[in-house]
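Novice: Chains as they are written, first to last, in this note's numbering: chain A, 48 to 654; chain B, 14 to 299.
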Amino acid sequence: MTVLSKKDDISVVLCGEAGQGIQTVETILAQAIKRSGYNIFSTKEYMSRVRGGQNSTQIRVSSHRVSSYVKRIDILFALSSGAIKHLEDRISQDTFIIGDSEHIKSLGEGNTQKSQKKSQLEIDQNYNFLEIPLIKTAQEMGGLIFANVIAAGVLSCILNIPKEIFNSLIHDIFARKGDEILQNDLKAGEAGYDIGRELMDFISGKNQLKLSVNLEVKDELFINGTDAVGFGCLAGGCRFMSSYPMTPSTPLQGFLAAHANDFELIYEQAEDEIAAINMALGASYAGARSIVATSGSGFALMEEGVGLAGMIETPVVVYIAQRPGPAVGLPTRTSQEDLNLALYSGTGEFPRIIFAPGKLEDAFILTQKAFNLAEKYQIPVFILTDQYFADCYYNIPSLPLNDVQNENYLIKTNSEYKRYLITQDGITPRGIPGYGEGLVVVDSDEHDEEGHITEDLVLRRQMVDKRLKKFNQMKQDAIPPELIGPSDYECLVVGWGSTYWPIREALENIIKTDPNRKISFLHFKQIYPFHKSVTEYLERAEDVIIFENNAQGQMANLIQLETGLKIQEKLLKYDGMPFSVEEVERSLKKFMEISDTDIPSVMGVSK
Amino acid sequence: MKPKDYDMTEADVAWCPGCGNFSILRSLKKALADLEILPENLVFVSGIGQAGKLPHYIRGNVFNGLHGRSLSPATGIKAVNPELTVIDVSGDGCMYGEGGNHFMHTVRRNPNITNLVHNNMVYGLTKGQASPTSQKAFNTPLQVDGVFLEPFNPLSVAIALDASFVARVYSGDRKQTIEIFKEAIKHKGYSLVDIFQPCVTFNRVNTKKWFKEHTYYLEEDHDPLDRNMAFSRAIETREYPLGIFYKNLNKRTFEDNLNVYKDEKSPLFQRKFEIDKIRALVDSNR
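Quick look at the structure:
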């Protein structure tokens, strides 16, 4: 048995069945960690079912900031008998596996494609099992329902979380359920701490956590990608959302629905995605900043509406939380497969903007900007996230609320108003019905300057030119990609959207051991249209490598289309899971021909 | 106000001479003039088809959107600015075919809008195919053996869903059409007016003569508040009753149910943006 590999950065994974209440453990633990002054990152992977299966949550507890998924598991808390089997690819000899004997001795049983039946001896030799009397203790406390709080207590104890902080959280969560329940849960927590102390004695010497407390963390924000986009919607002046529930976009719908009353906005669950986008366009036409939220197949249904937005030059923000397709695909997993779908959606030719945030601050400010740019250019603006980004939490000091500026692009019309008056830059000042003396006429048919249907082919050409002319200014407004690392790089790593932190952390790890490496990372948060600096960034590099969560390298292909530059190395992952830091690091080292001995390989007994 | 206040003198009308749409347009102008609704406070919403072009021939704001989808933008418009009078003008293909799902759910949602559906039992713009309301045995270039699907019965569907106002008129009877249009527009809640009209080019079966022979007026003592009776009248298909079948005066509208209008009635575009409220919410996650 070896010690925990990184003492000031611990990866704790909780695994259990859907409907078992792991979320309670997660909530208690996450808050306890933050209130204790530790940095925290959490990400979950789950199955598309309400009961059963195996779901897991990774919680990274660290002395320094952590914002990405690591494959490594330092402490696994198994709450179900399938947990170890589910995670065996991520379990190594360094992983401490905590759980009731019921839950942790099941690995040798069964015979699946993945692993052959193994002898008990082999398992015991390769794993650090730490059996605890979880079920028995819970039953003594009054039932299995207490297992979650006991588990949270065990882990809190191991993570050096002060008992007062733990208890105050139990108060926050259970006090409203009455004093009896509260007292029982406090007792359950106490029992968890007792078990935790015994474990600490057992592993003492092998496992000295060196987590250092940073008191500033206590008062930082702890939010996920969905929250950041949600705050961005409010900051962008959103007044209307119509949508149809679809994982992983549903949490954003829940966010806006939950805050609709306080922020004077309307959330309506439409009968389908077609109604959703058409309703949003109606609301936008009448002056309310509007958004729809959806995912792959749902967005496919909205495509005709995207074309309508293009034709009637009516702003709308489209939030697409990506998941693997085609069709229903893997409903609860992650992907970056719908870049092309967003880029080419809708018939005909018209301008659009696509954002793909990689960090929480960007998700906030880009969403806020999306509403303003949609208004300014009277176009659809897309925000592409994915399951991984939408669901992952970490602590950050603040959101850039001071950068929020909302421009008013609506005008009061006079009786001569023409909705599609041809202008120099293609943008016609936008009027809305009921504000001024003018009439606001919009038509999905080709139309004249007033908005009335026309088949005049000269006008047709003028209107296409008018719509596309907006591109010129949109390109001026484009947000440049972010360069992380020295500007005299030889090797350039490219990524977009949610891969930001895993790539960045991997790169930082490489630089730590090899500070003279001329390697940098170029991250795209605006996917379309490109900022003018893109070509130069790419031309400057000798070697370019791209990481994407899809099978065809959609971004690499778009880069080639826009710049004429071919990216020689594509690292593509499309199994539904996000890139882990280790995976990116290993691929980069291989690409740069650096020896891989520094990275502990993740080994399970099945290998 | 006068009907001519709604005239669009320069419009290049694409309807066939003798089309029932002309009398519907005239009736609508008269109804709006009688109700004194200003063009700038009116929004006509439509989809695609010959009926969908009507908004281009009458003064008002216009949202001429996608085929079958008109009720969705109409709902969105009314939801964010209840001060506007919103009239959806559609045909039988748009409303009962392509947009059938939106039709059902808009009835359930009950926005305070008026839904006028030109029902000529045939597709005009695409030149003569069956519509959802085409009658059995109707021959077309695509239904070469005649229509054998059950004709869609919009009134019975609307009443089954407890729509708040359900009526049918015949475009040739302008007097009744104007009166019922006025009732429908004044009605608070979703109102459906299914408008029988002849298509002089593509429907040689359901002609002016046919409509005269196959329709009659609901008796004066028909009680539109009696839903069972309304339903049984709506499923009559040997001869078709005309008039107001059903009204439910006890339904709250979609907008009434929206919390944004609980304390404040102004349209949403007039509402103030408050960054400090957002800051407080963000900070609650610390």
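We put the beta carbon where it would ideally sit given N, CA and C, even for glycine.
Whose CA, out of B:L281, B:H69, B:G73, lies closest to the CA of A317 (chain B)?
Specialist: For residue 317 (chain B) there is no data in the structure shown, the boundaries of chain B being 14 and 299.
Novice: I'd like the ranges of any alpha helix (DSSP H) spanning at least 4 consecutive residues and lying wholly in the stretch 434 to 465 of chain A.
Specialist: The qualifying runs are 434 to 438.
Novice: With which residues is K617 (chain A) paired in a DSSP beta bridge?
Specialist: Your numbering for residue 617 (chain A) matches position 570 in the first sequence. K617 (chain A) pairs with A:I593.
Novice: Please confirm if L51 (chain A) has its CB atom under 8 Å from at least one CB of chain B.
Specialist: The count along the first sequence starts at 1 and reaches residue 51 (chain A) at position 4. Residue placement at L51 (chain A) is poorly supported in this model, since its pLDDT is 48, which falls under 50; the coordinates are not used for a value here.
Novice: Does chain B have any CB closer than 8 Å to the CB of P480 (chain A)?
Specialist: Taking the first residue of the first sequence as 1, we reach residue 480 (chain A) at position 433. Chain B contact via Cβ: present.
Novice: Could you work out which residue in A:D219, A:D232, A:K224 is closest to M188 (chain A) when comparing CA atoms only?
Specialist: Taking the first residue of the first sequence as 1, we reach residue 188 (chain A) at position 141. Ranking the options by Cα distance to M188 (chain A), first place goes to A:D232.
Novice: I believe P447 (chain A) touches F397 (chain A) by the beta-carbon criterion, under 8 Å. Please report the beta-carbon distance rounded to the nearest angstrom.
Specialist: Counting from 1 along the first sequence, the entry for residue 447 (chain A) is found at position 400. Counting from 1 along the first sequence, the entry for residue 397 (chain A) is found at position 350. At roughly 30 Å, the Cβ-Cβ gap does not stay under 8 Å, so P447 (chain A) and F397 (chain A) are not in contact.
Novice: I'd like the list of long-range same chain contacts for G106 (chain B), defined as Cβ closer than 6 Å, with 5 residues on each side in sequence excluded.
Specialist: Numbered from 1 along the second sequence, position 93 holds the residue referred to as residue 106 (chain B). Only G62, Y136, S144 meet the Cβ criterion.
Novice: To the nearest angstrom, how far is the alpha carbon of P295 (chain A) from that of E320 (chain A)?
Specialist: Looking up residue 295 (chain A) in the first sequence gives position 248. Looking up residue 320 (chain A) in the first sequence gives position 273. Approximately 15 Å, taken between the alpha carbons.
Novice: Taking C-alpha atoms, which residue in A:E73, A:F213, A:S148, A:P378 lies nearest to Y93 (chain A)?
Specialist: Stepping through the first sequence from its first residue, residue 93 (chain A) is reached at position 46. The option with the nearest alpha carbon to Y93 (chain A) is A:P378.
Novice: Taking 8 Å as the CB-CB cut-off, is S85 (chain B) touching chain A?
Specialist: By 1-based counting over the second sequence, the position of residue 85 (chain B) is 72. Closer than 8 Å to some Cβ of chain A, the Cβ of S85 (chain B) qualifies, so yes.
Novice: Measuring straight from C-alpha to C-alpha, what distance separates G272 (chain A) and C439 (chain A)?
Specialist: Translated into positions along the first sequence, residue 272 (chain A) becomes position 225. Translated into positions along the first sequence, residue 439 (chain A) becomes position 392. Roughly 6 Å between the two C-alpha positions.
Novice: Under a CB-based cut-off of 8 Å, is K195 (chain B) close to chain A?
Specialist: Numbered from 1 along the second sequence, position 182 holds the residue referred to as residue 195 (chain B). Judged by the 8 Å Cβ criterion, K195 (chain B) is not in contact with chain A.
Novice: Whose C-alpha, out of A:G542, A:P576, A:K579, A:D561, is nearest the C-alpha of F568 (chain A)?
Specialist: As a working note, residue 568 (chain A) is residue 521 in the first sequence. Residue A:G542 is the option with its Cα nearest to F568 (chain A).
Novice: What are the residues in the stretch 272 to 293 of chain A lying within 8 Å of chain B by C-beta distance?
Specialist: Within the stretch 272 to 293 of chain A, the qualifying residues are D274, F278, L281, A282, G284, R286, F287, S289.
Novice: Would you mind sorting T220 (chain B) into buried or exposed? The rule is 16 or more other CB atoms within 10 Å of its CB.
Specialist: If you number the second sequence from 1, residue 220 (chain B) lands on position 207. Under this definition T220 (chain B) is an exposed residue.
Novice: Can you name the residues of chain A whose CB is closer than 9 Å to the CB of K290 (chain B)?
Specialist: Position 277 of the second sequence, counting from 1, holds the residue named residue 290 (chain B). Here the neighbours are L281, D309, F310.
Novice: For a contact defined as C-beta to C-beta under 8 Å, what are the partners of K66 (chain B) on chain A?
Specialist: Translated into the one-based positions of the second sequence, residue 66 (chain B) becomes position 53. Within chain A, the residues near K66 (chain B) are I500.
Novice: Just the C-alpha distance for K161 (chain A) and L585 (chain A), rounded to the nearest angstrom, thanks.
Specialist: As a working mapping, residue 161 (chain A) is identified with position 114 in the first sequence. As a working mapping, residue 585 (chain A) is identified with position 538 in the first sequence. Unreliable positioning characterises K161 (chain A) in this predicted model, as indicated by a pLDDT of 46, which lies under 50. The coordinate reading is nonetheless provided below. If I take the Cα positions, the gap works out to 41 Å.
Novice: Can you name, in chain order, every residue of its own chain whose Cβ lies under 6 Å from the Cβ of R399 (chain A), other than the five neighbours on each side?
Specialist: Along the first sequence, read from residue 1 onward, the residue named residue 399 (chain A) stands at position 352. Cβ within range, chain order: I426, P427.
Novice: Would you kindly work out how many angstroms separate the C-alpha atoms of G510 (chain A) and I469 (chain A), rounded to a whole number?
Specialist: As a working mapping, residue 510 (chain A) is identified with position 463 in the first sequence. As a working mapping, residue 469 (chain A) is identified with position 422 in the first sequence. Note on residue identity: the sequence assigns Met, not Gly, to residue 510 (chain A). M510 (chain A) and I469 (chain A): Cα-Cα distance of roughly 8 Å.
Novice: If we define contact as Cβ-Cβ less than 8 Å, is M510 (chain A) a contact residue for chain B?
Specialist: In the first sequence, the residue the question calls residue 510 (chain A) occupies position 463. Answer no: the Cβ-Cβ gap between M510 (chain A) and chain B never drops below 8 Å.
Novice: Once DSSP output is grouped into helix, strand and coil, what is the label at N261 (chain A)?
Specialist: For the purposes of this step, residue 261 (chain A) is taken as residue 214 along the first sequence, with counting starting at 1. N261 (chain A): coil per DSSP, three-state reduction.
Novice: Report the residue from A:R507, A:Y366, A:E496 whose alpha carbon sits nearest the alpha carbon of A437 (chain A).
Specialist: Mapped onto the first sequence, residue 437 (chain A) falls at position 390. The residue with the shortest Cα to Cα distance from A437 (chain A) is A:Y366.
Novice: What does H218 (chain A) reach in chain B if we use C-beta pairs closer than 7 Å?
Specialist: Counting from 1 along the first sequence, the entry for residue 218 (chain A) is found at position 171. The premise fails here: H218 (chain A) is roughly 18 Å from chain B at the closest Cβ pair, so nothing lies under 7 Å.
Novice: DSSP three-state call for M39 (chain A): helix, strand or coil?
Specialist: Given that chain A is displayed from residue 48 to residue 654, the structure contains no residue 39 (chain A) and the question cannot be resolved.
Novice: Taking the Cβ atom as the reference point for each residue, do N132 (chain B) and I208 (chain B) lie within a distance shorter than 8 Å?
Specialist: One-based indexing of the second sequence puts residue 132 (chain B) at position 119. One-based indexing of the second sequence puts residue 208 (chain B) at position 195. Closer than 8 Å, so yes.
Novice: In whole angstroms, what is the alpha-carbon distance linking D55 (chain A) and S114 (chain A)?
Specialist: Here the question's residue 55 (chain A) lines up with position 8 in the first sequence. Here the question's residue 114 (chain A) lines up with position 67 in the first sequence. About 15 Å.
Novice: Rounded to the nearest angstrom, what separates A347 (chain A) and L388 (chain A) at their Cα positions?
Specialist: Here residue 347 (chain A) is taken as the residue at index 300 of the first sequence, counted from 1. Here residue 388 (chain A) is taken as the residue at index 341 of the first sequence, counted from 1. Taking the straight line from one Cα to the other gives about 8 Å.
Novice: Please look up how many angstroms separate the CB atoms of A199 (chain A) and I120 (chain A), rounded, as I've assumed it's under 8 Å.
Specialist: In the first sequence, the residue the question calls residue 199 (chain A) occupies position 152. In the first sequence, the residue the question calls residue 120 (chain A) occupies position 73. Incorrect: roughly 18 Å between the Cβ atoms, too far for contact.
Novice: Just to confirm, is the Cβ distance from A421 (chain A) to G544 (chain A) under 8 Å?
Specialist: Taking the first sequence and counting its residues from 1, one reaches residue 421 (chain A) at position 374. Taking the first sequence and counting its residues from 1, one reaches residue 544 (chain A) at position 497. No, they are not a contact pair.
Novice: For a test of the three-state rule: what should DSSP assign to D309 (chain A), helix, strand or coil?
Specialist: In the first sequence, residue 309 (chain A) corresponds to position 262, counting from 1. Reduced to three states, the DSSP call for D309 (chain A) is coil.
Novice: Along the stretch 325 to 356 of chain A, what residues have a CB closer than 8 Å to any CB found in chain B?
Specialist: Within the stretch 325 to 356 of chain A, the residues whose Cβ lies closer than 8 Å to some Cβ of chain B are N325, M326, A327, L328, G329, A330, S331, Y332, A333, G334, A335, S337, E351, G352, L355, listed in chain order.
Novice: Cβ of V365 (chain A) less than 8 Å from any chain B Cβ?
Specialist: Position 318 of the first sequence, counted from the first residue, corresponds to residue 365 (chain A). No, V365 (chain A) lies away from the interface with chain B (no Cβ there is under 8 Å from its Cβ).
Novice: Cutting at 6 Å between CB atoms, please list the residues of its own chain near I57 (chain A), excluding the five before and the five after it.
Specialist: Taking the first residue of the first sequence as 1, we reach residue 57 (chain A) at position 10. Once the five neighbours on either side are set aside, the close Cβ partners of I57 (chain A) are V108, D121.
Novice: Which of the three DSSP states, helix, strand or coil, is assigned to R477 (chain A)?
Specialist: One-based indexing of the first sequence puts residue 477 (chain A) at position 430. DSSP places R477 (chain A) in strand when its eight states are reduced to three.
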